[in-house]
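Just below is one structure, and these are the notes that go with it.
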Amino acid sequence: MPLRAIAYASEAIPWLSADHVDGLARSAARFNFEAGVTGVLLYDGRRFLQYIEGPEDSINVVYSRILAARSHRELVELGRGRISARVMPYWSMRLLPVEPAEVRGVAHGNWDGLSRCGALQQLTAVVAPHVSGIGC
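If you read the sequence shown in full-length UniProt numbering, its first letter stands for residue 1, the second for the next number, and so on.
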């Protein structure tokens, strides 16, 4: 079954608490685990950048939930496409608190075709301190 991936950036609603963000990530991890989706959610206290990967049908369901979520706004899809192998196989969803410059850097990377050595390389560099064995 071919794997698909989607990356997006969005702005958290202003009154979103850290506890609520943690709860969202835990809920997403449970749902994604059942759906066979893996990924990571970067959060700088104001903006999200999320990367998800998995079977196409599952990605479509998960992304529909993301689009309907009231916890964020101004969602911009950065990239979408087929991938040959998972980049983030470690977590059904992992919330990583990061600096604003890290979210900006990854968001402004080259997401064309989801090349492992474009924006995904920047994303894996941000994630690497949290897990071994990833990279371009």
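Heads up, the beta-carbon is just placed ideally off N, CA and C, and yes, glycines get one too.
query                                                                                                                         : result
Does the Cβ-Cβ distance between residue 70 and residue 11 come in under 8 Å?                                                  : no
Restricting to runs no shorter than 4 residues, where is the alpha helix (DSSP H) found entirely within the stretch 24 to 88? : 56 to 68
Specify the secondary structure class of residue 11 as computed by DSSP and reduced to three states.                          : strand
Reducing DSSP to helix, strand and coil, say where residue 16 ends up.                                                        : coil
Just how far apart, CA to CA, sit residue 44 and residue 1?                                                                   : 34 Å
To the nearest angstrom, report how far apart residue 136 and residue 99 are at their CA atoms.                               : Confidence at residue 136 is low in this model, with a pLDDT of 47, below 50, so the placement of that residue is unreliable and no value is reported for it.
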